[in-house]
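Novice:
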Amino acid sequence: MALTAAVKSQIAQWYKALQEQVPDFIPRAPQRQMIAEVAKCLAGDDSRHLAVEAPTGVGKTLSYLIPGIAASRAQEKRLVISTANVALQDQIFTKDLPLLKKIIPDLTFTAAFGRGRYVCPRNLAAMAADDDEQGDLLLYLDDDAVSSTKEEQTQCGRLQKSLDRYQWDGLRDHSDENVSDSLWQRLSTDKASCLGAHCRWYRECPFFVARREIEQVDVVVANHALVMAAMENESVLPPAKNLMLVLDEGHHLPEVARDALEMSADITPGWSSLQLDLFIKLVESIMTQMRPKSPPPLANPERLKAHCDELRELLTITAQALNPLLPPHNQPGEFRFVLGALPQELLDLCARLFKLSDALRGLSEGLINALSEQTGKVDVVRLHRNLLQLNRQFGWFESVSKLWRLAAMEKASGAPVSKWITRGRREGQGHLLFHCAGIRVSDQLEKMLWRKIPHVVVTSATLRSLNSF
253 MALTAAVKSQ
263 IAQWYKALQE
273 QVPDFIPRAP
283 QRQMIAEVAK
293 CLAGDDSRHL
303 AVEAPTGVGK
313 TLSYLIPGIA
323 ASRAQEKRLV
333 ISTANVALQD
343 QIFTKDLPLL
353 KKIIPDLTFT
363 AAFGRGRYVC
373 PRNLAAMAAD
383 DDEQGDLLLY
393 LDDDAVSSTK
403 EEQTQCGRLQ
413 KSLDRYQWDG
423 LRDHSDENVS
433 DSLWQRLSTD
443 KASCLGAHCR
453 WYRECPFFVA
463 RREIEQVDVV
473 VANHALVMAA
483 MENESVLPPA
493 KNLMLVLDEG
503 HHLPEVARDA
513 LEMSADITPG
523 WSSLQLDLFI
533 KLVESIMTQM
543 RPKSPPPLAN
553 PERLKAHCDE
563 LRELLTITAQ
573 ALNPLLPPHN
583 QPGEFRFVLG
593 ALPQELLDLC
603 ARLFKLSDAL
613 RGLSEGLINA
623 LSEQTGKVDV
633 VRLHRNLLQL
643 NRQFGWFESV
653 SKLWRLAAME
663 KASGAPVSKW
673 ITRGRREGQG
683 HLLFHCAGIR
693 VSDQLEKMLW
703 RKIPHVVVTS
713 ATLRSLNSF
């Protein structure tokens, strides 16, 4: 829809009410101009993006909130406000939106956080349980016994009681308990270890409760890192087509995008070989026990083994080429390739490694989809175990395939790809890691933001370089 008279009238009404609500409010021409431009951008029929550089004092936040709320309501979409730091996020959530609620009584809003900020009720139940109860719960976890001290078990019991009584929403930041980083790492989860709708705690899971709430509110306050992750993977945010996006402090976006798109993976031959062995056994078990319909051709045992053996061999050759660049005797260290330039033989290896690992990513994803259709038809505990293991393997294959794809590129967005290797020690063993990061991220932003989301506003006090956009 175009910018209708009704939307214009609503914006004007709210802006006038704001002047009456705020003592000593002074209407400013730059603020009115920004309100008009944001309204035209967000309410237009065609996809349109807007960059607004406005100095401190213009009142940027209200200048995009007022037209943004009016336009998003008219199109029945969510307005997502993204910031670069917690301070501005808090200001919008605790000051600006409550102020607007005084003139828009039915305004609803919430804040969005990454999955890792929410407690996993499945993990919490296991950590809070005694030894006997824990044994039963671990059937659903596919983990070894959850290691915890008596004090941690007691603390988890208090957290579970607060969650069950709706005194806590499951967000780490909202807990009265001082939870250590070590404990929280075991209480939260990631996409690879989440069963989603197959989990028995799905309906009351704080992460999915937050997702459902976000689909009902007018405004969602998030941060740039979460938005970047949302455009690539499953997230707490609505689908791109169902939202309008405002990126405040937009000058931080390239830096956040670079961090979000940096790829790293453990390519130690021995460790990688173990993961491949586990995957082969898992696929064999699934094919025997679950008998999925129309399994991918690569699930054939002989074909899968040959495929993994080839991948193993290439990883060994790659490690043999890279290890001499690091300190001797398996000592920790780092080596950076000048301008990201790899020898041609290494580039060829990376391209072959991408092809092989991406095929395994496709196989694991196909099996996940096949098993997801078997809910209620097979042993639920066995199904959950297989799904958990497949999700974790899928996460690893997805990570390494993205890494090798980027490593095989000489340039991205017309600039070199930064590439480096590190060696660290874990459990007394040396581990070789390969890292890649695009220096310029314009192509990725084009793909992940500008093409996906029809209406985006980017604003900051400092957007231009050398007086030019």
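253 is the number of the first residue of the sequence shown in this note's numbering; add one for each residue after it. Glycine residues also receive a C-beta, built at the ideal position from the N, C-alpha and C atoms.
Does the Cβ of Val590 have 16 or more other Cβ atoms within 10 Å, making it buried, or fewer, making it exposed?
Specialist: Locating residue 590 in the sequence shown gives position 338, counting from the first residue. By the neighbour-count rule (16 or more Cβ atoms within 10 Å), Val590 is not buried but exposed.
Novice: Using 8 Å as the threshold, is the C-beta distance between Thr711 and Lys312 below it?
Specialist: For this step, residue 711 is matched to residue 459 along the sequence shown. For this step, residue 312 is matched to residue 60 along the sequence shown. Against a cut-off of 8 Å, the Cβ pair of Lys312 and Thr711 comes out as a contact.
Novice: At the level of alpha carbons, what is the spacing between Leu302 and Cys457?
Specialist: Working through the sequence shown from its first residue, we reach residue 302 at position 50. Working through the sequence shown from its first residue, we reach residue 457 at position 205. Within the model, the alpha-carbon separation for Leu302 versus Cys457 is close to 37 Å.
Novice: Rounding to the nearest angstrom, what Cα-Cα distance links Phe345 and Asn337 in this structure?
Specialist: As a first step, residue 345 must be located in the sequence shown, where it is residue number 93. As a first step, residue 337 must be located in the sequence shown, where it is residue number 85. Between Phe345 and Asn337, the C-alpha separation is close to 13 Å.
Novice: Per DSSP, Asp518 is paired with what?
Specialist: One-based indexing of the sequence shown puts residue 518 at position 266. DSSP, once it has assigned bridges, lists Leu685 as partnering Asp518.
Novice: Would you mind sorting Ile318 into buried or exposed? The rule is 16 or more other CB atoms within 10 Å of its CB.
Specialist: Against the sequence shown, residue 318 aligns to sequence position 66. It counts as buried.
Novice: Ends of the alpha helix (DSSP H) at Phe459?
Specialist: Looking up residue 459 in the sequence shown gives position 207. Segment 458-466, the alpha helix (DSSP H) holding Phe459.
Novice: Can you tell me which residues form a DSSP beta bridge with Met496?
Specialist: In the sequence shown, the residue the question calls residue 496 occupies position 244. According to DSSP, Met496 bridges with Leu331.
Novice: Nearest to Ala474 by CA position, among Arg369, Ser525, Leu566, Pro275, is which residue?
Specialist: Counted from its first residue, the sequence shown places residue 474 at position 222. Comparing Cα-Cα distances from Ala474 to each of Arg369, Ser525, Leu566, Pro275, the minimum goes to Arg369.
Novice: Report the residue from Glu272, Ala254, Ala322 whose alpha carbon sits nearest the alpha carbon of Gln262.
Specialist: Looking up residue 262 in the sequence shown gives position 10. For Gln262, the nearest C-alpha among the options comes from Ala322.
Novice: Does the distance between the C-beta of Asp470 and the nearest non-hydrogen atom of the ligand PLP fall short of 7 Å?
Specialist: Looking for the ligand PLP in the displayed structure turns up nothing, as the structure carries no ligands at all.
Novice: Can you check which of these residues, Ala664, Gln696, Val652, is closest to Phe686 by C-alpha distance?
Specialist: By one-based count along the sequence shown, residue 686 stands at place 434. Cα-wise, what sits closest to Phe686 is Val652.
Novice: Report the partner residues of Tyr370 according to the DSSP bridge assignment.
Specialist: Position 118 of the sequence shown, counted from the first residue, corresponds to residue 370. Tyr370 is bridged to Leu423.
Novice: What are the boundary residues of the alpha helix (DSSP H) that includes Ala323?
Specialist: On the sequence shown, position 71 is the one that residue 323 refers to. First-last of the alpha helix (DSSP H) with Ala323: 312-326.
Novice: By DSSP, does Leu302 sit in helix, in strand, or in coil?
Specialist: Sequence index remark: in the sequence shown, residue 302 carries index 50 (1-based). Strand.
Novice: Output the boundary residues of the alpha helix (DSSP H) element that contains Phe606.
Specialist: Position 354 of the sequence shown, counting from 1, holds the residue named residue 606. Taken as a continuous stretch (DSSP letters only), the alpha helix (DSSP H) holding Phe606 covers 596-624.
Novice: Using a beta-carbon distance below 8 Å, is Arg564 in contact with chain D?
Specialist: The chain inventory of the structure shown lacks chain D, comprising one protein chain alone.
Novice: Would the region 544-552 and the region 613-621 be scored as touching if the rule is three or more Cβ pairs under 8 Å?
Specialist: yes
Novice: Note down, in chain order, each residue of its chain lying with its Cβ closer than 8 Å to the Cβ of Leu601, except the 5 sequence neighbours on either side.
Specialist: Here residue 601 corresponds to residue number 349 of the sequence shown, with the count starting at 1. A distance below 8 Å between beta-carbons, with the five flanking residues on each side excluded, links Leu601 to the following residues of its chain, in chain order: Leu566, Ile569, Thr570, Ala573.
Novice: If I'm right that Leu495 touches Ile705 with Cβ under 8 Å, what's the distance once you round it to whole angstroms?
Specialist: The count along the sequence shown starts at 1 and reaches residue 495 at position 243. The count along the sequence shown starts at 1 and reaches residue 705 at position 453. By a beta-carbon distance limit of 8 Å, Leu495 contacts Ile705. Their separation comes to about 7 Å.
Novice: Can you check whether the CB of Thr441 is closer than 8 Å to the CB of Asp372?
Specialist: Working through the sequence shown from its first residue, we reach residue 372 at position 120. Working through the sequence shown from its first residue, we reach residue 441 at position 189. Residue 372 is actually Cys in this sequence, not Asp. A contact, by the Cβ cut-off of 8 Å.
Novice: Can the beta-carbon of Gly366 be found closer than 8 Å to that of Leu478?
Specialist: Position 114 of the sequence shown, counting from 1, holds the residue named residue 366. Position 226 of the sequence shown, counting from 1, holds the residue named residue 478. Yes, these two residues count as a Cβ contact at 8 Å.
Novice: Quick check: what's the CA-CA separation for Val535 versus Pro576?
Specialist: Position 283 of the sequence shown, counting from 1, holds the residue named residue 535. Position 324 of the sequence shown, counting from 1, holds the residue named residue 576. If I take the Cα positions, the gap works out to 35 Å.
Novice: Which residues bound the beta strand (DSSP E) around Ala667?
Specialist: Locating residue 667 in the sequence shown gives position 415, counting from the first residue. First-last of the beta strand (DSSP E) with Ala667: 667-678.
Novice: Mind checking who Asn552 pairs with in its DSSP beta bridge?
Specialist: For the purposes of this step, residue 552 is taken as the residue at position 300 of the sequence shown. Answer is none; Asn552 lacks a bridge partner.
Novice: Our contact map puts His707 next to Cys293 with C-beta atoms below 8 Å; I'd like the distance itself, whole angstroms only.
Specialist: Locating residue 707 in the sequence shown gives position 455, counting from the first residue. Locating residue 293 in the sequence shown gives position 41, counting from the first residue. Yes, they are in contact, since the Cβ atoms of His707 and Cys293 sit about 6 Å apart, within 8 Å.
Novice: By alpha-carbon positions, which one of Lys413, Arg637, Met539, Lys671 ends up nearest to Ala517?
Specialist: Working through the sequence shown from its first residue, we reach residue 517 at position 265. Nearest option by C-alpha distance: Lys671.
Novice: What is the C-beta distance between Leu528 and Arg564, in whole angstroms, given that I count them as a contact (C-beta under 8 Å)?
Specialist: By 1-based counting over the sequence shown, the position of residue 528 is 276. By 1-based counting over the sequence shown, the position of residue 564 is 312. The C-beta separation of Leu528 from Arg564 comes to about 6 Å, placing the pair in contact by the 8 Å criterion.
Novice: Just how far apart, CA to CA, sit Thr674 and Gln583?
Specialist: Against the sequence shown, residue 674 aligns to sequence position 422. Against the sequence shown, residue 583 aligns to sequence position 331. Thr674 and Gln583: Cα-Cα distance of roughly 10 Å.
Novice: Pick helix, strand or coil for His503, following the three-state DSSP scheme.
Specialist: The residue you call residue 503 lines up with position 251 of the sequence shown. It is helical.
Novice: Report the option in Ala659, Leu640, Ser487, Asp500 whose CA atom is closest to the CA atom of Pro595.
Specialist: Translated into the one-based positions of the sequence shown, residue 595 becomes position 343. For the set Ala659, Leu640, Ser487, Asp500, the Cα lying nearest the Cα of Pro595 is the one of Ala659.
Novice: Enumerate, from N- to C-terminal direction, the unbroken beta strand (DSSP E) stretches of 3 or more residues contained entirely within the region 523-596.
Specialist: 585-588
Novice: Run through DSSP, which three-state label would Ser261 get?
Specialist: Locating residue 261 in the sequence shown gives position 9, counting from the first residue. Here Ser261 sits in helix by DSSP.
Novice: Which residues does DSSP pair with Thr401 in a beta bridge?
Specialist: Counted from its first residue, the sequence shown places residue 401 at position 149. Paired residue(s): none; Thr401 is not in a bridge.
Novice: Might you give, ordered along the chain, the residues of its own chain that have their beta carbon closer than 6 Å to the beta carbon of Phe531, omitting 5 neighbours on each side?
Specialist: Here the question's residue 531 lines up with position 279 in the sequence shown. Gln645, listed in sequence order.
Novice: Output the boundary residues of the alpha helix (DSSP H) element that contains Ser694.
Specialist: The residue given as residue 694 occupies position 442 in the sequence shown. That run of the alpha helix (DSSP H) goes 694-697.
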